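Mapping of the sequence shown onto this note's numbering: position 106 corresponds to residue 231, and the numbering continues sequentially without gaps.
Glycine included, each C-beta is placed from N, C-alpha and C at the ideal position.
Every value quoted in this text rests on a predicted model; they were computed, and no experiment measured them.
Quick notes on the structure that follows.
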Amino acid sequence: MTDVKYGGSLKPTLTDVNVIGDDRRKGRMSRYEGDNSTALRSQAWLAEALEKLMLEKPYGRISVGDICARAQLSRQTFYNMFGDKDEVLHYCLRSAYEERFRSICALDAVTIDDIVDGFVSVVESKRDVLKAMVDNRLTGIVFEEISACVALFAGRFVREDERTDLFPYSEAMLAGAIAQMLVLWFQRDDSVGTDELASLLKDFMNGRVYQITSERKG
126 MTDVKYGGSL
136 KPTLTDVNVI
146 GDDRRKGRMS
156 RYEGDNSTAL
166 RSQAWLAEAL
176 EKLMLEKPYG
186 RISVGDICAR
196 AQLSRQTFYN
206 MFGDKDEVLH
216 YCLRSAYEER
226 FRSICALDAV
236 TIDDIVDGFV
246 SVVESKRDVL
256 KAMVDNRLTG
266 IVFEEISACV
276 ALFAGRFVRE
286 DERTDLFPYS
296 EAMLAGAIAQ
306 MLVLWFQRDD
316 SVGTDELASL
326 LKDFMNGRVY
336 QITSERKG
């Protein structure tokens, strides 16, 4: 096994400070948060190893040793990067939506459609591991990272004058709705595709999902 040593700073890169900001800290963080390229590769290899193992056997039967063996890294390297295997799953989801967030921030103008399409593209890219997490009753991690994702995007794209005392509640409401929708989608495993989920989310965020009648019956 390879024992990776690194000497990177524990501070985020300049890009992280400007783009990710303090909202990133609302999710569960990895033990290593530096920018050393060797350490970052090790994180990615360990995450990839766990994702593959989750397609082969139940999460409860996967040990840190299994992850290290698949990634061909030492246990010491694992614990330099992560506190436990749950932390690896947080990293798997967080790294995906933060990457997409950066690409959206690079656009000249950002619309709700851009944000929804970006979110759905993350779901598509992490579809297998998300399904495995739901099947293994790890929805708490999914909820936490969706909440952190919503906070990240809202912190960047919601205007300052709209951030009233109710703002945290609107964040929680949106995160809960998205998380419940995703969990139900994986549990039902039906013919509804990600394009349809994206369309539903856009309608929801634009107030077009429900039509309330003012007529009284009888």
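| Query | Result |
| --- | --- |
| C-alpha distance - R200 paired with Y184, whole-angstrom precision | 18 Å |
| Assigned exposure category for R225 - 16 Cβ within 10 Å defines buried | buried |
| heavy atom of the ligand FAD below 7 Å from D286 C-beta | Of ligands this structure carries none, so the ligand FAD is not represented either. |
| Residue burial classification, R149 (beta-carbon count within 10 angstroms, cutoff 16) | Residue placement at R149 is poorly supported in this model, since its pLDDT is 44, which falls under 50; the coordinates are not used for a value here. |
| Beta-carbon spacing of L214, L263 below 8 Å | yes |
| Exposed unless 16 or more other CB atoms sit within 10 angstroms - verdict on R252 | exposed |
| Contacting residues, own chain, Cβ-Cβ under 8 Å from I303 (five flanking each side not counted) | F244, I271, V275, L326 |
| Assigned secondary structure, L277 (DSSP; H/G/I helix, E/B strand, else coil) | helix |
| DSSP three-state assignment for R149, whether helix, strand or coil | Caution applies to R149, whose pLDDT of 44 falls short of 50 and renders its modelled position unreliable; the value that the coordinates give is listed next. DSSP places R149 in helix when its eight states are reduced to three. |
| Chain-order list of residues whose beta-carbon lies under 7 Å from that of A323 (same chain, five-residue window excluded) | V241, D242, V245 |
| Pick from V267, M306, S167, Q168 that is closest to F329, judged by C-alpha positions | M306 |
| Residue from S228, A169, G265 with nearest C-alpha to A300 | G265 |
| L232 in three-state terms, based on DSSP | coil |
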